[in-house]
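In the working numbering, the protein residues as written are 14 to 536.
For glycine and all other residues, C-beta sits at the position ideal for the given N, C-alpha and C.
What follows is a short report on a single structure.
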């Protein structure tokens, strides 16, 4: 076929056709254009026939690369019924569950952490990467068009295929081409690749929410620990004040000959011990403030003046019924389910690699020897046709790849099941802890009341000469222990609330599609 026939209607051809025929130039035969048009149609018909024959041949020999030996295992996703998830559909916790404590300082610290923590910024970067992977995978499904331009001043060898006078001369070897290709996704490989990338993106989005829930819980726990230490320091200061009063009383009794220096040294030693406790608490408070500043993405000195009070934090009572849809409220569980979905789509991709890969390829351009002929008539080049790649014998590589992808699905399912069991244990642990702490706090309140009454009586008896100093010390030690226990129990209750809120998902609402519920049936 004449390569010039496809360019009869180009501007260059029209211009040449409009010019008068030069002397000696042969006249164009009548009907040449119609003959060329007929030839072009025949060429296109031949290309279409060839494409059909290639596809038919590819389908006939598809079975050459077998998927035998790459069978998935029977790993199954655990369901809510299997693990006994029951309960009412309670609207607890909220997304901003920590605001229920009624502490404005805590609200500000958590908001600051969620806005500036570098760890969350890293998660956002991973989200951008996952979205870019989806875009890149989706772009592969579209037709690809590329252009190239090569202009080379080349010396042609005399001893090659090109004879003289071109051989041995230096000429410009020029080529300009626009090529296009489009892979026909006949067996769903590209579609499965896009679905896998979307699954990974959804998993990354859920993991980003899980990171926010975890960060809020860590900030709340650290804040409660700081409040506990501040409260313990307050108790120690109160004890120091009371022991100063006791020391004055002992000195009076020693001066009156009612006590000895033994009691005096004991009273002085208790005061020194209290000062040591205060220094220890100051160190722990400083370190906890630094930890809180790190969690909120600030300098270590950001919270040097922060002194939260446990009395200002209001505990939230345990709800009567816990959410039954735990699986959908935990971002980490949703992320695991998306990982399973992505892994299963990767299996589909691996299976599709056993089938032919069919591309439609076309190109058009200019090619010439000599720069002066580059844009002249006759330099046109073009082509169109199918390109088929079919695995026939690959030494088991495709089967090995498919087996690996099946194993990844099994691992993802096992990871989800393990995460589900861990989530249920965390919820059960925190519920048991909260129930126990409520009973402990009730009993401890009675113990504190009794200890304070005993201390008052012991102090009065000692002051009136009816008791000894050892009884006072014992009663005082018991009072301090009960006060510290009250502070610790409230702090533990608040920490357990924060842990339960995180275990229940921290207010996260799942956007997982219904297709995930059918994962087992696809296996």
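query	result
The stretch 493-508 touching the stretch 244-256, judged by at least three CB pairs closer than 8 Å	yes
Close Cβ partners of residue 175 (< 6 Å) along its chain, the five nearest in sequence each way excluded	169
Touch test, the stretch 128-140 against the stretch 212-221, Cβ-Cβ under 8 Å, three pairs minimum	yes
Cβ-Cβ separation, residue 510 to residue 370 (assumed contact under 8 Å), whole Å	Incorrect: roughly 57 Å between the Cβ atoms, too far for contact.
Whole-angstrom distance between residue 433 and residue 233, CA atom to CA atom	24 Å
Sufficient close CB pairs (3 or more, under 8 Å) joining the stretch 406-413 to the stretch 372-387	no
Continuous beta strand (DSSP E) stretch holding residue 399: start and end	393-402
Residue 343 (DSSP reduced to helix, strand or coil)	coil
Simplified DSSP state of residue 522, which is helix, strand or coil	coil
Length of the line joining the Cα atoms of residue 507 and residue 237	7 Å
Extent of the continuous alpha helix (DSSP H) to which residue 298 belongs	274-308
The stretch 119-131 touching the stretch 305-314, judged by at least three CB pairs closer than 8 Å	yes
Proximal residues to residue 106 (C-beta, below 7 Å), its chain only, five neighbours per side dropped	514, 517, 519, 520
Spatially closest choice to residue 235 from 126, 484, 202, 479, by CA coordinates	126
Contact set for residue 512: own chain, Cβ-Cβ below 6 Å, skip 5 residues either direction	443
Residue 405 burial status per 10 Å Cβ neighbour count (16 or more: buried)	exposed
Under the three-state DSSP convention, the category residue 442 falls into	helix
Inter-residue spacing [alpha-carbon to alpha-carbon] between residue 522 and residue 448	26 Å
Backbone secondary structure at residue 42 - three-state DSSP	In this prediction, residue 42 scores a pLDDT of 46, lower than 50, which makes its location untrustworthy; the coordinate-derived value is nonetheless stated afterwards. Coil.
Contacts around residue 467, its chain only, beta-carbon distance under 6 Å, and the 5 residues preceding and following it disregarded	488
For residue 231, the nearest candidate out of 271, 324, 123, 173 (CA to CA)	123
Which of helix, strand or coil DSSP assigns to residue 168	strand
Boundaries of the alpha helix (DSSP H) in which residue 407 is found, first to last residue	Here residue 407 belongs to no alpha helix (DSSP H), and DSSP marks it neither H nor E.
Inter-stretch contact (C-beta, 8 Å, three-pair minimum) for the stretch 353-370 and the stretch 201-211	yes
Bridge-paired residues (DSSP) for residue 193	158, 375
Cα-Cα separation between residue 293 and residue 348, rounded to whole angstroms	43 Å
Counted within 10 angstroms of its Cβ, other Cβ atoms place residue 402 as buried (16 or more) or exposed	exposed
Proximity test, residue 190 beta-carbon vs the ligand NAD heavy atom, cut-off 7 Å	Questions concerning the ligand NAD fall outside what the structure shown contains, since it holds no ligand whatsoever.
Sequence-distant residues of its chain with Cβ nearer than 8 Å to residue 179 (five each side left out)	169, 382
Three-way DSSP call (helix, strand, coil) for residue 516 in this model	helix
First through last residue of the alpha helix (DSSP H) which encompasses residue 135	131-152
Candidates 396, 379, 395, 397: closest to residue 389 by CA position	379
For residue 184, three-class secondary structure by DSSP	strand
Among 151, 350, 272, 209, nearest to residue 424 - alpha-carbon criterion	350
Under 8 Å between C-beta atoms of residue 482 and residue 272	yes
CB contact flag (residue 111, residue 120, <8 Å)	yes
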